[in-house]
Amino acid sequence: MSLAGAKAVGRPTAPEAAGANGAELGSTEFAAIAAIMQSDARIHLAPGKVTLVQSRLNRRVRKHGLDSFKDYVKLVQSNAEERRAMVVALTTNHTHFFREGHHFDHLRETAMPWLKKQAEHKPVRIWSAGCSSGEEVYSIAMCLRGPDRGTASWLDRADVKLLATDLSPIVVDTARSGVYPANAVQPIPAPYRASWLRPEGADFAVVDEVRKMVTARVLNLFEAWPMRQKYDVIFCRNVMIYFDDAAKAELEARFVDLLVPGGYLYIGHSERLIGAAATQMKPAGHTIYVKEGR
Numbered sequence: 001m002s003l004a005g006a007k008a009v010g011r012p013t014a015p016e017a018a019g020a021n022g023a024e025l026g027s028t029e030f031a032a033i034a035a036i037m038q039s040d041a042r043i044h045l046a047p048g049k050v051t052l053v054q055s056r057l058n059r060r061v062r063k064h065g066l067d068s069f070k071d072y073v074k075l076v077q078s079n080a081e082e083r084r085a086m087v088v089a090l091t092t093n094h095t096h097f098f099r100e101g102h103h104f105d106h107l108r109e110t111a112m113p114w115l116k117k118q119a120e121h122k123p124v125r126i127w128s129a130g131c132s133s134g135e136e137v138y139s140i141a142m143c144l145r146g147p148d149r150g151t152a153s154w155l156d157r158a159d160v161k162l163l164a165t166d167l168s169p170i171v172v173d174t175a176r177s178g179v180y181p182a183n184a185v186q187p188i189p190a191p192y193r194a195s196w197l198r199p200e201g202a203d204f205a206v207v208d209e210v211r212k213m214v215t216a217r218v219l220n221l222f223e224a225w226p227m228r229q230k231y232d233v234i235f236c237r238n239v240m241i242y243f244d245d246a247a248k249a250e251l252e253a254r255f256v257d258l259l260v261p262g263g264y265l266y267i268g269h270s271e272r273l274i275g276a277a278a279t280q281m282k283p284a285g286h287t288i289y290v291k292e293g294r
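Counting from 1, position 3 in the sequence shown corresponds to residue 3 in the UniProt record's numbering; the numbering is continuous, with no gaps.
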């Protein structure tokens with residue numbers, strides 16, 4: 001999926017987390033960690049997530065030979081590398097191929113005819129923002145190529161590139177490699193699976209024609225974006241649920257600014273446009289929006 005926040009599991013916990021499996025995370029240290037997550041990744045950690053934060057970070061505490069979260073917070077506040085590692089450790093990366101299938105139906109049936117026309121006179125650029133391990137961006141690429149190799153000829157005459165970004169270097173490496181276990185590729189429709197995957201030991205690899213369409217990079221969505229060109233399509237799904245409204249409005253406005261007139265924005269099933277972005281986009285389906293001005 002995505003750049004995401006720590007996803008709470010189970011019922012809300014007390015401000016002090018039990019330390020049966022490691023150091024105890026006190027309320028003061030939790031508040032310091034939550035402040036860093038808010039400032040560095042705009043991820044909101046509610047007090048009910050204290051047990052999850054403890055379980056995610058106890059491994060980091062042990063790795064550095066520390067006895068307490070108090071010492072770990074001191075380390076994070078003085079060590080930029082560990083601070084980045086902590087932010088990554090507290091993100092959730094959950095995704096699968098062709099997730100929220102109505103988005104891919106729309107991409108095939110509505111967006112692709114427009115993209116083909118765009119490709120006749122300009123480069124086409126698509127961004128999977130918060131790509132997690134890459135299943136989303138390769139689902140997009142397979143849609144563009146079609147269910148069999150004979151339907152992909154238009155791409156051979158076009159300049160079409162896909163960007164996949166995420167906060168976590170580990171999942172970006174997976175996206176870059178394009179290799180997935182057998183159970184992960186089961187949601188891919190059979191014709192696409194037959195055309196665009198090849199066996200690689202016990203796993204399956206995305207074929208070179210598809211993999212080479214994708215550039216995978218580490219990117220914090222709230223830092224400077226390196227892209228200089230406008231984008232025709234942006235997917236950012238199930239990412240903004242972890243942000244407060246101010247962060248959502250800021251990020252959505254930046255997405256709209258980056259889209260060409262007529263470009264499409266796909267967001268998660270429980271997400272909505274707010275703020276300035278809501279005035280510049282028109283609904284084009286459930287959690288699908290098109291930028292005005294085409």
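Note that the Cβ used here is the ideal one computed from N, Cα and C, for glycine as well. Being a predicted model, the structure only gives us computed values, none of them experimental.
Boundaries (first-last residue) of the beta strand (DSSP E) holding residue i
{"i": "K291", "result": "I288 to K291"}
{"i": "V233", "result": "Y231 to C236"}
{"i": "K161", "result": "V160 to D166"}
Which of helix, strand or coil DSSP assigns to residue i
{"i": "W127", "result": "strand"}
{"i": "P261", "result": "strand"}
{"i": "V256", "result": "helix"}
{"i": "A284", "result": "strand"}
{"i": "T110", "result": "helix"}
{"i": "K212", "result": "coil"}
{"i": "E200", "result": "strand"}
{"i": "L115", "result": "helix"}
{"i": "I274", "result": "coil"}
{"i": "R228", "result": "coil"}
{"i": "I267", "result": "strand"}
{"i": "T13", "result": "With a pLDDT of only 37 at T13, under the threshold of 50, the placement of this residue in the model should not be trusted, and no figure is reported."}
{"i": "P181", "result": "strand"}
{"i": "R99", "result": "coil"}
{"i": "A194", "result": "helix"}
With 16 other Cβ atoms within 10 Å as the buried cut-off, status of residue i
{"i": "R228", "result": "exposed"}
{"i": "I170", "result": "exposed"}
{"i": "A216", "result": "buried"}
{"i": "K212", "result": "exposed"}
{"i": "Q186", "result": "exposed"}
{"i": "S78", "result": "exposed"}
{"i": "G201", "result": "exposed"}
{"i": "D156", "result": "exposed"}
{"i": "R42", "result": "buried"}
Element boundaries [alpha helix (DSSP H), containing residue i]
{"i": "T28", "result": "S27 to A41"}
{"i": "I170", "result": "P169 to S177"}
{"i": "S78", "result": "F69 to S78"}
{"i": "I241", "result": "From DSSP, I241 is part of no alpha helix (DSSP H); its letter is neither H nor E."}
{"i": "V145", "result": "A small fix is needed here, since residue 145 is Arg in this sequence, not Val. Per DSSP, R145 belongs to the alpha helix (DSSP H) from E135 to R145."}
Own chain partners of residue i with C-beta closer than 7 Å, once the 5 adjacent residues on each side are dropped
{"i": "H286", "result": "H102"}
{"i": "L259", "result": "K230, Y231, I234, L265 and K291"}
Cut-off 6 Å between Cβ atoms - residues of its own chain near residue i, not counting five sequence neighbours on either side
{"i": "F30", "result": "V50"}
{"i": "F97", "result": "E135, S139, P187 and I188"}
{"i": "P181", "result": "D203"}
{"i": "Y72", "result": "V61 and L66"}
{"i": "V210", "result": "A141 and W196"}
Close beta carbons around residue i, own chain, < 8 Å, minus the five adjacent residues each side
{"i": "R83", "result": "I36, D40, V76 and Q77"}
{"i": "W154", "result": "K116 and A119"}
Exercise for the section: Could you say if the segment 256-275 and the segment 218-235 meet the contact criterion of at least three C-beta pairs nearer than 8 Å? Expected result: yes
Legend entry - Cβ contact check for the segment 81-90 and the segment 110-128: 3 or more pairs under 8 Å: no
Handout entry: Inter-stretch contact (C-beta, 8 Å, three-pair minimum) for the segment 156-167 and the segment 136-146
Key = yes
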